[in-house]
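Novice: First, the structure itself, so that you have it in front of you.
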Amino acid sequence: MNADKHREAAAPLLPVLYEDNHLLVVLKTPGILSQADDTGEPDMVTLLKDDLKVRYNKPGNVFVGLVHRLDRPVGGVMVFAKTSKAASRLSESVRSRNFEKMYVALVHGMPPKPSATLRHYLSKDAARNIVTVHERPTADAKEAVLDYQVAASHGGLSLVVVRLHTGRPHQIRAQMAHLGCPLVYDRKYGAPPAKGERDLALWSASVGVHHPVSKEWLAFRALPPRNEPWAQFPDEAWRRAESMLAADKGSAW
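In the UniProt record's numbering, the protein residues as written are 1 to 253.
Below, the structure is given as C-alpha cells:
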C-alpha cells in the first residue's frame, strides 16, 4: 500500500503521510528531537500529541508511541503508534528486523564501490556523543550492517541510497565516514568546513512495516525537499534514487 493516504480533518501541524486508528506516519523536520529530553526543546512525540488533541478535539491525555528514532539533525519519514497495542507490535517488528528503513544521503567523494554491504562494529562514547568504527568484533561494540548504492555523483559529492539492517546510533554517519565519505555538513565525522550552519545531508526516505492489526505490508516514502544541498542533483539522479527506494524488501541491489 502506498503512503499517499490522508485523513480529512483539521490541517495537521506536521505533514501527515498516513493515518488510521493505529498508525500515524509523518515527516519530521530536521532540528526537532524525536522525543523529549532535559533541554525542554520541541520534540516529535509532544508535538504530535498536541496536534491530535487539537485536530480531534480530544480532552485529557492522547497516546503517541515512539517506535523508532531519528537523530535531531535528520529529517524524513517517521512512524508512530496511536495505541499501546500498536506500539508493542511495531516495537517487536523493530527488534526482529521486520521494519525496513531506507535513507538518502549526500556524501563527500565517491565510495570505493558503486554498491556494497558494510559490516562493522560500533562503540559509542556517550560523554562525547560520538561513535567509533571497528573492523572486527570488539568489547562493548555492537554489530552494524547496512547496504548502500550510489545513485549519482556530481561536483565531488555522491547521492547515496542506504538500507539499514541494524539501527545503531550515528550508524550511517560513522560507517560512511569510515569509507572516507563523510556526510555533507557532518563536521563531527570529518566533513570539511562549509559556509553557514545546515542540517545533516541525511533523510529518512522510506519506512516499511507490517500493519500492527491487518498485517498488510505498508511502505511510506518521501524524498527530501529540493533545497541545498540536495538541489545540486538533477531530476534524473532523483529518479534513480526513487527506483532504488522502491526495490522490493530484501532484494539485492
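Quick reminder that beta carbons are idealized off the backbone N, C-alpha and C, glycines included.
Given that a residue counts as buried once 16 or more other Cβ atoms are within 10 Å of its Cβ, and exposed if not, what is Glu19?
Specialist: buried
Novice: Okay, do the stretch 225–234 and the stretch 146–159 touch, 3+ Cβ pairs below 8 Å being the bar?
Specialist: yes
Novice: Provide the residue(s) that pair with residue 267 in DSSP beta bridges, ordered along the chain.
Specialist: Residue 267 is absent from the structure shown; the chain starts at 1 and stops at 253.
Novice: If we ignore side chains and look at the alpha-carbon of each, how far apart do Glu8 and Asp199 end up?
Specialist: At Glu8 the pLDDT is 40, less than 50, meaning the model places this residue with poor confidence; the figure from the coordinates comes in the next sentence. Near 32 Å, if we compare the C-alpha coordinates of Asp199 and Glu8.
Novice: Could you check whether Val184 and Ile172 sit closer than 7 Å to each other, using their CB atoms as the reference points?
Specialist: no
Novice: Return yes when at least one heavy atom of the ligand COA lies under 6 Å from the C-beta of Val62, else no.
Specialist: As presented, the structure is devoid of all ligands, the ligand COA included, so that no description of it is given.
Novice: Is DSSP giving Ala237 helix, strand or coil here?
Specialist: helix
Novice: Cutting at 7 Å between CB atoms, please list the residues of its own chain near Pro15, excluding the five before and the five after it.
Specialist: Val26, Leu27
Novice: Tell me which residues share the same chain as Leu118 and place their Cβ nearer than 6 Å to its Cβ, disregarding the 5 neighbours each side in the sequence.
Specialist: Correct list, in chain order: Leu146, Gln175.
Novice: What is the C-beta distance between Trp203 and Val107, in whole angstroms, given that I count them as a contact (C-beta under 8 Å)?
Specialist: 13 Å between Cβ atoms; not a contact.
Novice: What would DSSP say about Gln35, mapped onto helix, strand or coil?
Specialist: The three-state secondary structure of Gln35, taken from DSSP, is coil.
Novice: Please report the Cβ distance between Val67 and Leu90, rounded to the nearest whole angstrom; I am assuming they are in contact, meaning their Cβ atoms lie under 8 Å.
Specialist: About 4 Å; that satisfies the 8 Å criterion.
Novice: Can you have a look at Gly60 and say buried or exposed, based on whether 16 or more other CB atoms are within 10 angstroms of its CB?
Specialist: exposed
Novice: Can the beta-carbon of Ala141 be found closer than 7 Å to that of Tyr121?
Specialist: Yes. Within cutoff.
Novice: Within 10 angstroms of its Cβ, does Phe63 collect 16 or more other Cβ (buried), or is it exposed?
Specialist: exposed
Novice: Given this structure, state the Cα-to-Cα distance separating Glu92 from Lys195, to the nearest angstrom.
Specialist: 42 Å
Novice: For Asp71, does the three-state DSSP call read helix, strand or coil?
Specialist: coil
Novice: Could you spell out where the alpha helix (DSSP H) holding Leu223 opens and where it closes?
Specialist: For Leu223, no alpha helix (DSSP H) run applies, since DSSP gives it neither H nor E.
Novice: Can you give me the C-alpha to C-alpha distance between Gly180 and Asp43, rounded to a whole angstrom?
Specialist: 32 Å
Novice: Measure from the alpha carbon of Leu218 to the alpha carbon of each residue in His170, Pro112, Met78, Gly65, then state which is nearest.
Specialist: Restricting attention to His170, Pro112, Met78, Gly65, the CA atom closest to the CA of Leu218 is found in Met78.
Novice: Using three-state DSSP, classify Glu92 as helix, strand or coil.
Specialist: helix
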